[in-house]
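Asker: Quick mapping for you: the protein sequence lines, in order, are chains A, B, C, D, E and F. Numbered per our numbering, the first sequence spans residues 53 to 364. Numbered per our numbering, the second sequence spans residues 53 to 364. Numbered per our numbering, the third sequence spans residues 53 to 364. Numbered per our numbering, the fourth sequence spans residues 53 to 364. Numbered per our numbering, the fifth sequence spans residues 53 to 364. Numbered per our numbering, the sixth sequence spans residues 53 to 364. Note that beta-carbon positions come from the ideal geometry of N, C-alpha and C, so glycine has one too.
There are 6 protein chains.
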Amino acid sequence: MTNAQIKQIAEDIRTMRTRGAGKIGRAAARALKIVARTTKARNSAEFIKELDRVSKLLLGTRPTAVSLSNAIRFVTLKAKLIKDADLQTLRNIVMSRADEFIRVSNEAVKRIGEIGARRISDGDMIMTHCNSDCALAVIKTAFKQGKHLEVFVTESRPMKQGLISVRDLSRAGISTTLIVDSAVRHFIRDIDKVIVGADSIAANGAVINKIGTSQLALTAHEARVLFFVAAESYKFHPGTLVGRLVEIEERPSKEIVNPKRFPGVRIRNPVFDVTPPDYIDLIITERGIIPPSAAYVVLQEQFEWKPGEELI
Amino acid sequence: MTNAQIKQIAEDIRTMRTRGAGKIGRAAARALKIVARTTKARNSAEFIKELDRVSKLLLGTRPTAVSLSNAIRFVTLKAKLIKDADLQTLRNIVMSRADEFIRVSNEAVKRIGEIGARRISDGDMIMTHCNSDCALAVIKTAFKQGKHLEVFVTESRPMKQGLISVRDLSRAGISTTLIVDSAVRHFIRDIDKVIVGADSIAANGAVINKIGTSQLALTAHEARVLFFVAAESYKFHPGTLVGRLVEIEERPSKEIVNPKRFPGVRIRNPVFDVTPPDYIDLIITERGIIPPSAAYVVLQEQFEWKPGEELI
Amino acid sequence: MTNAQIKQIAEDIRTMRTRGAGKIGRAAARALKIVARTTKARNSAEFIKELDRVSKLLLGTRPTAVSLSNAIRFVTLKAKLIKDADLQTLRNIVMSRADEFIRVSNEAVKRIGEIGARRISDGDMIMTHCNSDCALAVIKTAFKQGKHLEVFVTESRPMKQGLISVRDLSRAGISTTLIVDSAVRHFIRDIDKVIVGADSIAANGAVINKIGTSQLALTAHEARVLFFVAAESYKFHPGTLVGRLVEIEERPSKEIVNPKRFPGVRIRNPVFDVTPPDYIDLIITERGIIPPSAAYVVLQEQFEWKPGEELI
Amino acid sequence: MTNAQIKQIAEDIRTMRTRGAGKIGRAAARALKIVARTTKARNSAEFIKELDRVSKLLLGTRPTAVSLSNAIRFVTLKAKLIKDADLQTLRNIVMSRADEFIRVSNEAVKRIGEIGARRISDGDMIMTHCNSDCALAVIKTAFKQGKHLEVFVTESRPMKQGLISVRDLSRAGISTTLIVDSAVRHFIRDIDKVIVGADSIAANGAVINKIGTSQLALTAHEARVLFFVAAESYKFHPGTLVGRLVEIEERPSKEIVNPKRFPGVRIRNPVFDVTPPDYIDLIITERGIIPPSAAYVVLQEQFEWKPGEELI
Amino acid sequence: MTNAQIKQIAEDIRTMRTRGAGKIGRAAARALKIVARTTKARNSAEFIKELDRVSKLLLGTRPTAVSLSNAIRFVTLKAKLIKDADLQTLRNIVMSRADEFIRVSNEAVKRIGEIGARRISDGDMIMTHCNSDCALAVIKTAFKQGKHLEVFVTESRPMKQGLISVRDLSRAGISTTLIVDSAVRHFIRDIDKVIVGADSIAANGAVINKIGTSQLALTAHEARVLFFVAAESYKFHPGTLVGRLVEIEERPSKEIVNPKRFPGVRIRNPVFDVTPPDYIDLIITERGIIPPSAAYVVLQEQFEWKPGEELI
Amino acid sequence: MTNAQIKQIAEDIRTMRTRGAGKIGRAAARALKIVARTTKARNSAEFIKELDRVSKLLLGTRPTAVSLSNAIRFVTLKAKLIKDADLQTLRNIVMSRADEFIRVSNEAVKRIGEIGARRISDGDMIMTHCNSDCALAVIKTAFKQGKHLEVFVTESRPMKQGLISVRDLSRAGISTTLIVDSAVRHFIRDIDKVIVGADSIAANGAVINKIGTSQLALTAHEARVLFFVAAESYKFHPGTLVGRLVEIEERPSKEIVNPKRFPGVRIRNPVFDVTPPDYIDLIITERGIIPPSAAYVVLQEQFEWKPGEELI
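This is how it looks when you write it as structure tokens:
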């Protein structure tokens, strides 16, 4: 019986064996496709019920993972809207929507690279923070088009993912400079464009991303340097449409120092911060380039979230 | 012969055995006092010449150390202005000015603590960066006065001097929190006042201080959080009166990462950055509290720098 | 004959016996439902004509009441779009749309309270102006959820509706402070969020509300305090889509002082002012939370206003 | 055979005998209408193919003229979407869409005048730049409504099209003042509203218009003077949805000075500049008034550009 | 014995029978003049001691009245600096300095009116807040010079001193309009200049004045309307040079409402607020016009406050 | 008799045969030196009277020329302060002060070039407006020091003095680009520093200079480009200390167009505009570099203008 397969997918998301917004979303789409292919439902109503049950199961594994609810909605919504159609039609719709989600998602980074690269000019000095596939795709695509670029990368304490970006860019042959997070403002006037990724994007265009992003955005804004966010469209957060706040995770203090060496000292280690839309010039998605003020529209048209509607 | 003593003082400054703005300034004052006490000059003219010679010797040891030129000027200026007075008068003036510089300098941190503490209110949340004696004096003085305080300290990469501040404040019994430099904007809305030190202060009130200071100031400014600089008055930079730029030192890249692990990657490690006066609410000196726009006046009245006059 | 009932409804709106955006809108919906239930029309065309006649009658009673035109449009648009359908279908559609408008409108304040309360955190200091059902619903809902809150209320001269809010909040058990309108900036740094209502909302997200609102918004903006508007979606003003300005009513000068005591002095008493969208963080409606930049979209999707279309 | 007519239309666009956004768009619509009327296609598929061929031919004449691609899309999209319908239906659709485009376009300036005039108040001091039909229509319509106006016009170097505007307004009986481009900030505090036209409008609401527009917008913004853009909706640039940059043409240096008199001096003569949406209060189109943040929506709903879709 | 006279002067200040910055300062000068005229001191040392004793007595009556310490310092400083001069010389100096203070102070309002009126142009719309002699002097002097003016006056809750200003201006024949405090932003775009008084002025140019002033300044700043402060130079606060904060008095809640009618409601009634120097264009004193950034210089040169020096 | 010489000097200033701030000031100094050398006065009192008479004569020739009153004051003030000294001493003082003024003034442009060049870095892109000796001196001095520079020059309508600058810089071998005034914002992001001259400088640091300067400063400020003013210290305007406004001259309309070709059109042609100090980073004088906030101090210490003192 296929239930085992679906359970395994859910389990892998829960235990974070499957991680990363894209992988989680595609896994959920795959699970729902399995439901459609293998369902024992005798009619449309039973099938819709089964879909709902599996959707809930999947959502429960990582309730705050925004790509999870977006993927489930994308795959199941059409079938639910015409739920009186015959069973085979509904199954086909779910399978084809699942395929579409997986395909678009798989190509998203590449497509973002292509679209974003249009905004990179020959000779640009670029700054990036942390380690984002989408942001690096934009830079590397522009570089492959023959544009001369230099890239400043911030260390990105505490986990120093900037070192991964530095190595990746440098190996691609791009002239790369490493600086500490504190040195952003010292160098910002030499920079033409900042490009970062996103963990999720709220309905008002605010971007939740690696701690330090909002400081970088503010500094770029002060110096009138363009600030781009590169992110797949399933990172737009539907819950924010009805007022939900995006929770900011805090991670163990030992990532910063050994707390035993500093008895009595509190150590705060938030993973993300929130960049207000006023400091963002463009959001580059696989579906095109939008100003942050259009995030609300994207949520409605991409995932057909209805006004007032809660998450599943 | 006393020349040996003076040479030793100069040597200690050059080799950085004597370091820190205050210590350097006081060492120079001491050297000049020795000249006045032990001079073999037979008349005023010879004495002034000897002063000039020793001044040049001292200045040459660390030509960009702003406290050095300020101290020398403070000690010698009066004698030079009345250079036709008799030898003994001039010697007395130099000795008494040297004593005054040393005394004021020695008490400066304490006095800054007292003056600055008046601007700290009971219940304040304070943020500081790096490790500044003057900034910590303000905080600790306010705390000793019975005010309840909480202090956020940034790590201050690459040398992490924030850890020294954290330990110092924590041992003083003050509730202290450590964060990475990137997390400033995430927490800034909880903060009432930011207090930092200064390496030097330009004629237009711009503050040169540890890398990251200007980003912190910008972030405080955005959130309408008060931003205070605590610094001795001999840190005001006279050269900026005639257009000299304050040079920003860069230190070895290995302070950030092992460069061998990142072949082909450039690593930039500036030690200081420049905070524009627009982001500074007050400068706390041992002579009182000034707005940054008064830096020009302080330079003129404290060290009697004349318009258009070059450094020694 | 039912005409009497409809005339009464219209009369009550005209004489302001029926007042308040919600009550006016629901009264209009009721009137149109009566038309649908009791019409003597023999075919769809006659029915549509009758709807148009009554719509005009209602609109004429308070031509600038934005909830009036929104309600009429909501109730009649669908029937008009399929005006070739049979009479009974059209009557049913109008009755069901009228019911929907009335139901949604009746629940709107409660729903706004629930959605808005998600943006209130435990320990928040809140400021409000004048006396808005929607704004108070947000505060009281959050309080009932067990969040600790303190609320500052401005007096709201000249009519001092702030006193009503103060009493309402205080009776609900919420810690409440009264201040004069001039004291907003003195206290704003202690405030976490400002919440006000709206009289109407323009297509560009500008909010028309009680005089003093825009000053409060500006002051909150300067201090980087969040500024929320809570308003039912039928307060969005369709006329602004085609350039109509929202007129600002002026009321009698005697509300401010006895004009006889100040002969020769002009007294100006505007009731509302306009808060620009730049100073508004969120608009909380019963359909969800939107950034002000989405007002244009709400008008189009909620009431299906077509580009370029004039009011009825 | 009609091909000759279509070739002539294309040729006239290419050689700029047909110029101006409106005329180009209408010419393209006319050409496509001729195709629909005179086609020899035997079935729908052949007709669609012919439409595509002619579309490409037209687009090739001025690949960067934004009204050209908008017109072609507007005329052909519906037919393509139902391409399986019978030939006659498709031909009718194309002809009627072409007529609609031509009619709306012809009336657009007049309609913009009417809508925009609502935002002009009696007694307004207005400033305009260069020579825009739409901007002047707004001013002249308001003046014909009996509003008292004064208009400041900038010279608009290098081509001094401001002189054309000055003459046009002055002949219409409007009190008109001419100033050099440099004098804008000196007079801006006397101005109530600035109105300019647009060459094209990007998806984020940025406006590309005659060089100097962005400086004027910045100056108006600094002085809190309202800044309106008046432009037909076919000037919204779909390519910007997928990241294309609007290229800024540079014209011959001799428009500025005789380059032979200044050997060795470079002379730069860009025709347009980009005004960021932050400095624009309203965009007045023939379909209504929008905030710049709604440009993205207009592009999608007016021309049904799909996310991610490239230009034809 | 004259001690009785001095005691009476001190008593009148303490009981606020003598009130207002100017009157308090002049009373103190008068008291010190009496000392000089009637002293029984047998030598200079005794006289200086007596001066110190009386100074302390006077200062103790209203320790936070800034004009009191400024007056005492102005009258006594010169004598103290040359304290070794003969008794008669010292007595003469004190008497003449007392006379000078009284004369300058008495003429200050008139002189401020003359200097300030130069910055008022024919046709200006002016706004003022509360009831300041200096601000009204500027307006009335300009009006007497034949300039056409209109003045908007805010009510100034809770004590409504705006009504006094309205009456004063109106009786002087000036076209005057009364508005509530909340209506400032609604009218500000019609205003050319705002003029207010000051309670005291800090070393950084911040102005402490009637509650609501800072909101008005912010609103003027947003609209780019000039904001002038008119104040006698003895209102500059020397204590702020060494970090003292200006305390903001709170007055009884019953000035706002009858607290018994609002049981459980807190009522806050601060009298003053602080306007930051960034929102002030000019400070008009009887000694000339200064930018707020020169407050530091005025304090030093007018009252010869030395850096670091505490209040008496 | 020498009176003839002095009358000629005065006449030359009046008829503008002697023009330019420096030349006017030096001519006045020369005239006063002639008085001192050739006076027939029999005692100091008569001499002072004669100085006053000639001062008035000179001042009357161009009452608004700020360098005139500054020069006269500089030359005569010391003599007036010690007016009881013997005649010869006073004559010597006047002669030596006149020599000093002439010498400093003659060297000022060169010295400004040297001081300002310190703020120019190798590789800088510089923009300048109109044709200022001081601004060009800074650029050319830096270029002679071997720094690589590129300079953008604005045309500066209506008189196009930018063409003079273009030629001057280009002949000096500096890479120069000419643009129209409207194109500033299009190119500003490529610029590192803007340098302009000044006609006069107000006590609050505002700079009066060629029309268009304030727009350029605003545009530089928006783009965070440094904005420098280069001007001799005798251009600081003492009248602004007591509230006098700097009048902005308007020149004939024919400089813009032939007014006969535009009957009924008003043409406004102001020569200068006012740049607020907020947009100025540094003022470069021959006495050093000051922030605009120090203009007040310069006026006081350079020309010893006393607070409240009127122009001569």
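Confirm, please, whether the CB-CB distance from C/Ile247 to C/Ala169 is below 8 angstroms.
Answerer: For the purposes of this step, residue 169 of chain C is taken as the residue at position 117 of the third sequence. For the purposes of this step, residue 247 of chain C is taken as the residue at position 195 of the third sequence. No, the pair does not count as a contact, with Cβ atoms beyond the cut-off.
Asker: By the DSSP assignment, the alpha helix (DSSP H) with B/Ile308 in it spans what residues?
Answerer: Indexing the second sequence from 1 puts residue 308 of chain B at position 256. Segment: none, B/Ile308 is in no alpha helix (DSSP H) and carries neither H nor E.
Asker: Spell out whether any CB of chain E is found under 8 angstroms from the CB atom of C/Glu299.
Answerer: By 1-based counting over the third sequence, the position of residue 299 of chain C is 247. No, because no Cβ of chain E sits closer than 8 angstroms to the Cβ of C/Glu299.
Asker: Counting only Cβ pairs nearer than 7 angstroms, list the residues of chain B close to E/Tyr286.
Answerer: Residue numbering aside, residue 286 of chain E sits at position 234 when the fifth sequence is read from its first letter. By Cβ distance, chain B contributes nothing, its closest Cβ being about 19 angstroms from E/Tyr286, past 7 angstroms.
Asker: To test your reading of the DSSP string, which unbroken alpha helix (DSSP H) runs of 4 or more residues are found completely within the stretch 258-326 of chain F?
Answerer: Counting whole runs of 4 or more residues, the stretch 258-326 of chain F contains the alpha helix (DSSP H) stretches 265-274.
Asker: Among A/Ser345, A/Lys132 and A/Ala160, which one has its Cα closest to the Cα of A/Ala189?
Answerer: On the first sequence, position 137 is the one that residue 189 of chain A refers to. Among A/Ser345, A/Lys132 and A/Ala160, the Cα nearest to that of A/Ala189 belongs to A/Ala160.
Asker: Residues of chain E with CB closer than 9 angstroms to the CB of C/Lys279, please, in chain order.
Answerer: The count along the third sequence starts at 1 and reaches residue 279 of chain C at position 227. It is worth fixing the name first, because residue 279 of chain C is Phe in this sequence and not Lys. Here the premise fails: no neighbours, minimum Cβ distance about 14 angstroms.
Asker: Since E/His289 and E/Val281 are thought to touch, with beta carbons under 8 angstroms apart, how far apart are those beta carbons, to the nearest angstrom?
Answerer: Position 237 of the fifth sequence, counted from the start, is the residue given in the question as residue 289 of chain E. Position 229 of the fifth sequence, counted from the start, is the residue given in the question as residue 281 of chain E. Not a contact, Cβ separation roughly 13 angstroms.
Asker: Between E/Glu202, E/Thr180, E/Ala250 and E/Pro115, which lies nearest to E/Val236 when the distance is taken from Cα to Cα?
Answerer: Position 184 of the fifth sequence, counted from the start, is the residue given in the question as residue 236 of chain E. The shortest Cα separation from E/Val236 among E/Glu202, E/Thr180, E/Ala250 and E/Pro115 belongs to E/Thr180.
Asker: Alpha carbon to alpha carbon, how far is E/Leu213 from E/Ser222?
Answerer: Counted from its first residue, the fifth sequence places residue 213 of chain E at position 161. Counted from its first residue, the fifth sequence places residue 222 of chain E at position 170. Checking the sequence shown, residue 213 of chain E turns out to be Gln, not Leu. Taking the straight line from one Cα to the other gives about 14 angstroms.
Asker: Give a yes or no on whether the C-beta atoms belonging to C/Lys287 and C/Ser119 are separated by under 8 angstroms.
Answerer: Numbered from 1 along the third sequence, position 235 holds the residue referred to as residue 287 of chain C. Numbered from 1 along the third sequence, position 67 holds the residue referred to as residue 119 of chain C. Closer than 8 angstroms, so yes.
Asker: Quick one: what's A/Thr337 bridged to in DSSP?
Answerer: In the first sequence, counting from the first residue as 1, residue 337 of chain A sits at position 285. For A/Thr337, which the question treats as bridged, DSSP gives the partners A/Gly340.
Asker: So which residues of chain D does C/Arg339 contact, with C-beta pairs closer than 9 angstroms?
Answerer: What you label residue 339 of chain C is simply residue 287 of the third sequence in a count that begins at 1. Residues of chain D passing the Cβ test: none, with the nearest at roughly 17 angstroms.
Asker: Please say whether A/Ala88 and A/Ile58 have beta carbons closer to each other than 8 angstroms?
Answerer: Position 6 of the first sequence, counted from the first residue, corresponds to residue 58 of chain A. Position 36 of the first sequence, counted from the first residue, corresponds to residue 88 of chain A. It is not a contact, given that the beta carbons lie outside the stated cut-off.
Asker: I believe F/Ala269 touches F/Tyr331 by the beta-carbon criterion, under 8 angstroms. Please report the beta-carbon distance rounded to the nearest angstrom.
Answerer: Within the sixth sequence, residue 269 of chain F is the residue found at index 217, counting from 1. Within the sixth sequence, residue 331 of chain F is the residue found at index 279, counting from 1. About 4 angstroms; that satisfies the 8 angstroms criterion.
Asker: What residues in the stretch 263-279 of chain D have a beta carbon less than 8 angstroms from any beta carbon of chain E?
Answerer: Cβ contacts with chain E: Glu274, Ala275 and Arg276.
Asker: In whole angstroms, give me the CA-to-CA distance for F/Arg114 and F/Val323.
Answerer: As a position in the sixth sequence, residue 114 of chain F is number 62, starting the count at 1. As a position in the sixth sequence, residue 323 of chain F is number 271, starting the count at 1. Each residue's Cα considered, the two are about 17 angstroms apart.
Asker: Using a Cβ-Cβ distance under 8 angstroms, would F/Ser184 count as near chain D?
Answerer: For the purposes of this step, residue 184 of chain F is taken as the residue at position 132 of the sixth sequence. Not an interface residue.
Asker: Quick check on the DSSP output: the beta strand (DSSP E) that includes F/Glu202 runs from which residue to which?
Answerer: Locating residue 202 of chain F in the sixth sequence gives position 150, where the first residue counts as 1. Segment Glu202 to Thr206, the beta strand (DSSP E) holding F/Glu202.
Asker: Label D/Met68 either buried or exposed according to how many other C-beta atoms from any shown protein chain fall within 10 Å of its C-beta, with 16 as the threshold for buried.
Answerer: Taking the fourth sequence and counting its residues from 1, one reaches residue 68 of chain D at position 16. It is exposed - the Cβ of D/Met68 has fewer than 16 other Cβ atoms within 10 Å.
Asker: Under the three-state reduction of DSSP, which class applies to F/Ile364: helix, strand or coil?
Answerer: By 1-based counting over the sixth sequence, the position of residue 364 of chain F is 312. Any reading at F/Ile364 needs caution, since the residue's pLDDT is 46, under 50, leaving its predicted position unreliable; the model's value is listed next. Three-state result, F/Ile364: coil.
Asker: Name the residue from F/Cys182, F/Arg219 and F/Glu302 whose alpha carbon lies nearest to the alpha carbon of F/Lys262.
Answerer: Numbered from its first residue, the sixth sequence carries residue 262 of chain F at position 210. It is F/Cys182.
Asker: Compare the Cα-Cα distances from C/Ile124 to each of C/Asn144, C/Ala93, C/Asn158 and C/Lys85 and report the closest residue.
Answerer: By 1-based counting over the third sequence, the position of residue 124 of chain C is 72. Among C/Asn144, C/Ala93, C/Asn158 and C/Lys85, the Cα nearest to that of C/Ile124 belongs to C/Lys85.
Asker: Of the choices F/Asn95, F/Val294 and F/Ala283, whose alpha-carbon is the least far from that of F/Gly74?
Answerer: The residue given as residue 74 of chain F occupies position 22 in the sixth sequence. Measuring from the Cα of F/Gly74, the nearest candidate turns out to be F/Ala283.
Asker: Is any heavy atom of the ligand GTP found at a distance shorter than 7 angstroms from the C-beta of C/Arg318?
Answerer: Questions concerning the ligand GTP fall outside what the structure shown contains, since it holds no ligand whatsoever.
Asker: Nearest chain D C-beta to C/Ser345 closer than 8 angstroms, yes or no?
Answerer: Stepping through the third sequence from its first residue, residue 345 of chain C is reached at position 293. So, interface residue.
Asker: Report the rounded CA-to-CA distance for B/Arg339 versus E/Pro344, giving the unit in angstroms.
Answerer: To locate residue 339 of chain B, count along the second sequence from 1; it is residue 287. To locate residue 344 of chain E, count along the fifth sequence from 1; it is residue 292. The alpha-carbon atoms of B/Arg339 and E/Pro344 are separated by roughly 21 angstroms.
Asker: Mapping DSSP to helix, strand and coil, what is F/Val232?
Answerer: Walking along the sixth sequence from the start, residue 232 of chain F turns up at place 180. If DSSP states are grouped into helix, strand and coil, F/Val232 belongs with coil.
Asker: For the alpha helix (DSSP H) containing E/Thr128, name the first residue and the last one.
Answerer: Within the fifth sequence, residue 128 of chain E is the residue found at index 76, counting from 1. Unbroken alpha helix (DSSP H) run through E/Thr128: Val118 to Leu133.
Asker: Distance check for F/Ala272 and E/Lys192, CA to CA, integer angstroms please.
Answerer: Residue mapping note: residue 192 of chain E aligns to position 140 of the fifth sequence, counting from 1. Residue mapping note: residue 272 of chain F aligns to position 220 of the sixth sequence, counting from 1. One C-alpha to the other measures close to 40 angstroms.
Asker: Per DSSP, E/Ile178 forms a beta bridge with which residues?
Answerer: What you label residue 178 of chain E is simply residue 126 of the fifth sequence in a count that begins at 1. Paired residues: E/Val203 and E/Lys245.
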